[in-house]
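Right, one structure below, let's go through it.
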Amino acid sequence: MVEICNLVEGRLVRRLNRFVLEVEVNGRVERAHLRDSGRLTELMKPGNRVLMRPKKRERTSHEVFVIYDVHVPVVVNSSLHSDIAAEILGGEGYRIEGREVKVGSSRIDLLVSRDGAAKLVEVKGCTLVRDGVALFPDAPTERGVKHVREIAERGGMILFLVMRSDARIFMPNHETHPEFAKVLREAYESGVDVRAALLRPEVQGDCLTIGFERYLPVEFPDVS
Numbered sequence: 001m002v003e004i005c006n007l008v009e010g011r012l013v014r015r016l017n018r019f020v021l022e023v024e025v026n027g028r029v030e031r032a033h034l035r036d037s038g039r040l041t042e043l044m045k046p047g048n049r050v051l052m053r054p055k056k057r058e059r060t061s062h063e064v065f066v067i068y069d070v071h072v073p074v075v076v077n078s079s080l081h082s083d084i085a086a087e088i089l090g091g092e093g094y095r096i097e098g099r100e101v102k103v104g105s106s107r108i109d110l111l112v113s114r115d116g117a118a119k120l121v122e123v124k125g126c127t128l129v130r131d132g133v134a135l136f137p138d139a140p141t142e143r144g145v146k147h148v149r150e151i152a153e154r155g156g157m158i159l160f161l162v163m164r165s166d167a168r169i170f171m172p173n174h175e176t177h178p179e180f181a182k183v184l185r186e187a188y189e190s191g192v193d194v195r196a197a198l199l200r201p202e203v204q205g206d207c208l209t210i211g212f213e214r215y216l217p218v219e220f221p222d223v224s
């Protein structure tokens, strides 16, 4: 379980750019660092609750960890992805051999081993859920396509972290990025280990805990 404390609550005012939000905190409008480059359209509604941790002021005074989708806390901080994935895989007997491993012209999130066999793991955070279906990506991602192809060439694992607790299945978002859905399906059918981990973010007091709930079924859209 990953835990982050010393959080404060604010209300979303607007998104200034990919990485900066304006948030009202204690009657003041502050700038907060958002470590998630997705569109997050469903979350970017003025007045939405935001949980942040104060930081030494540079260009921003806070770092965002959670934005609520009505009553559902959604984790929106990619700096947590590798630690969460390492904890999940560590519980299955995998040993973490490396992080940010250089592969070709890319860096893959994790190198793990178990029973003497090494495996590359690319980790993706999924924040979009519609009618119980977790969807990735929420914006076109050529980088994501490249990572899937690199993992497919080496027979590794692609681990999607569903950063909220209200999904029942996972699907690639064909509507948003058909090419990503296509290459992910090809990778899956070639034997790549494609997983979607449902997480359970819970907030108590000023602390956020993120636990692993279960793996979701991975399904593919019928686009024939």
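96 is the number that the UniProt record's numbering gives to position 96 of the sequence shown; each next residue is one higher, with no gaps.
Where is the CB? At the ideal position from N, CA and C, for every residue including glycine.
Here's the rule I'm using: 16 or more other beta-carbon atoms within 10 Å means buried, otherwise exposed. How should residue i be labelled?
i: Ala32; result: buried
i: residue 227; result: Only positions 1 to 224 of the chain appear in this structure, which leaves residue 227 out of reach.
i: Leu51; result: buried
i: Glu219; result: exposed
i: Glu3; result: exposed
Between residue i and residue j, is the Cβ-Cβ spacing less than 8 Å?
i: Met163; j: Val75; result: yes
i: Gly156; j: Leu184; result: no
i: Leu161; j: Cys126; result: yes
i: His71; j: Asp109; result: no
i: Arg14; j: Glu22; result: yes
i: Asp48; j: Val64; result: The identity of residue 48 in the sequence shown is Asn, whereas the question assumes Asp. It is not a contact, given that the beta carbons lie outside the stated cut-off.
i: Leu216; j: Ile158; result: no
i: Ile67; j: Phe212; result: no
Determine the direct distance from the alpha carbon of residue j to that of residue i, and round the result to whole angstroms.
i: residue 242; j: Glu42; result: With the chain covering 1 to 224 only, the question about residue 242 has no answer from this structure.
i: Pro54; j: Val25; result: 11 Å
i: Glu122; j: Val192; result: 11 Å
i: Gly38; j: Lys56; result: 25 Å
i: Ala134; j: Pro201; result: 15 Å
i: Glu150; j: Gly27; result: 48 Å
i: Arg107; j: Glu92; result: 24 Å
i: Arg154; j: Arg59; result: 40 Å
i: Pro73; j: Leu199; result: 11 Å
i: Asn6; j: Ser61; result: 14 Å
i: His177; j: Gly104; result: 24 Å
i: Arg143; j: Arg114; result: 28 Å
i: Thr141; j: His174; result: 12 Å
i: Leu34; j: Glu186; result: 32 Å
Just tell me which of the options has its CA closest to the CA of residue i.
i: Ala118; options: Arg95, Cys5, Ile4; result: Arg95
i: Ser165; options: Ala196, His177, Lys182, Ser105; result: Ala196
i: Arg130; options: Asn77, Glu150, Gly205, Ala167; result: Ala167
i: Glu179; options: Glu153, Val223, Thr209, Pro217; result: Val223
i: Gly205; options: Met1, Glu9, Arg114; result: Glu9
i: Asp83; options: Phe136, Val112, Gly104; result: Val112
i: Lys182; options: Phe136, Pro217, Leu216, Thr209; result: Phe136
i: residue 233; options: Lys124, Ser78, Ile4; result: Because the chain spans 1 through 224 in this model, residue 233 falls outside it and cannot be assessed.
i: Asp69; options: Leu40, Ala86, Ser79, Ala85; result: Leu40
i: Tyr188; options: Glu175, Ala152, Asn173; result: Ala152
**Inside the region 40-103 only - alpha helix (DSSP H) runs reaching at least 4 residues** = 81-90
**Request:** Output the residue ranges of the beta strand (DSSP E) runs that lie fully inside the region 150-187 and measure 3 residues or longer, sorted by chain position.
**Result:** 157-162, 169-172
**Message:** Restricting to runs no shorter than 4 residues, where is the alpha helix (DSSP H) found entirely within the region 103-156?
**Reply:** 142-154
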